[in-house]
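Asker: The structure follows.
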Amino acid sequence: MKRKREMEKRSELRSAIEELSMLAKVQPGDNLDAAHIPTKPFLHVCTLILQVLDKIGPTMAVLRQDIHQNIQRLEILCESDPTKYSNLIEILKKEDSEGNARKGASCSRAFLWLTRSIDFMVALLQRLVKDTGQNMELAVEESYNITLKPWHGWISSAALKVFLHSCFLCNNFFLRFYRL
24 MKRKREMEKR SELRSAIEEL SMLAKVQPGD NLDAAHIPTK PFLHVCTLIL QVLDKIGPTM
84 AVLRQDIHQN IQRLEILCES DPTKYSNLIE ILKKEDSEGN ARKGASCSRA FLWLTRSIDF
144 MVALLQRLVK DTGQNMELAV EESYNITLKP WHGWISSAAL KVFLHSCFLC NNFFLRFYRL
């Protein structure tokens with residue numbers, strides 16, 4: 024039974040990765056009418072990040088809560104009109120036309136921070152897979168510096184330092200991670 028659940032989780036992850044790998048990259052100035060980023064697969068990948076953060080432990084609670092709130096914000100709008108908002112680009116265009124895209128509680132900002140969180144998680148996992156013996160603090164710090172630090176102020180950077188001091192050994196992380 025446990026093996027079946029593990030296989031189902033792997034196939035879910037593989038399915039989400041396959042769907043996201045087919046996405047077109049959107050660059051500033053591109054024609055947004057031709058772009059398509061499916062909302063549900065994107066949010067599914069974001070929930071996988073929550074599972075990884077749960078395995079890391081309570082030191083990631085603030086980041087986890089922030090990601091969870093951003094997911095909820097997008098889910099609520101998506102559920103209000105699933106057909107219209109099945110494409111994240113439609114959400115971004117709606118908020119832009121209303122002048123709400125830059126507001127703190129907007130779905131546009133939620134999307135922005137979720138993509139940054141994905142970038143951070145990818146960078147962290149790539150570092151840890153490349154060198155399984157790497158110090159967790161160093162892996163987190165290097166991943167943070169290249170992905171999130173340019174967008175954070177001093178408070179967030181100080182919070183990271185608290186996290187880094189409470190990190191555990193990398194091997195403990197891998198034991199927890201492989202139980203996903």
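Take the position in the sequence shown, starting the count at 1, then add 23; the result is the number in our numbering. Note that the Cβ used here is the ideal one computed from N, Cα and C, for glycine as well.
Distance check for Asn123 and Ser129, CA to CA, integer angstroms please.
Answerer: Between Ser129 and Asn123, the C-alpha separation is close to 6 Å.
Asker: Does the beta-carbon of Ala182 have 16 or more other beta-carbons within 10 angstroms, so that it is buried, or is it exposed?
Answerer: Ala182 should be labelled exposed.
Asker: Shortest alpha-carbon distance to Ser166 belongs to which of Asp119, Asp104, Asp142?
Answerer: The shortest C-alpha separation from Ser166 is found at Asp142.
Asker: Please state whether the Cβ-Cβ distance between Ser131 and Leu111 is less than 7 Å.
Answerer: Contact: no.
Asker: Report yes if the CB atom of Thr62 is closer than 7 Å to the CB atom of Ser120, and no otherwise.
Answerer: Cβ distance not < 7 Å, so Thr62 and Ser120 don't count as in contact.
Asker: Once the 5 residues before and after Leu137 are set aside, which same chain residues still bring their CB inside 6 Å of it?
Answerer: Taken in chain order, the residues that qualify are Cys69, Asn93.
Asker: Mark Val145 as exposed unless 16 or more other C-beta atoms lie within 10 angstroms of its C-beta, in which case mark it buried.
Answerer: With fewer than 16 other Cβ atoms within 10 Å, it is exposed.
Asker: Let me know the secondary structure DSSP gives Asn110 once reduced to three states.
Answerer: In this structure, Asn110 counts as strand in the three-state DSSP scheme.
Asker: Can you tell me where the alpha helix (DSSP H) with Asp89 in it begins and where it stops?
Answerer: Run containing Asp89: 84–103, per the alpha helix (DSSP H) assignment.
Asker: Using only CA atoms, which one of His67, Pro105, Leu100, Ser140 lies nearest to Val85?
Answerer: Of the listed residues, the one whose Cα sits closest to Val85 is Ser140.
Asker: Does the Cβ-Cβ distance between Lys107 and Glu98 come in under 7 Å?
Answerer: No, Cβ-Cβ distance for Lys107 and Glu98 is not below 7 Å.
Asker: Considering just the uninterrupted stretch of the alpha helix (DSSP H) at His67, what are its terminal residues?
Answerer: 62–79 is the span of the alpha helix (DSSP H), which, as asked, contains His67.
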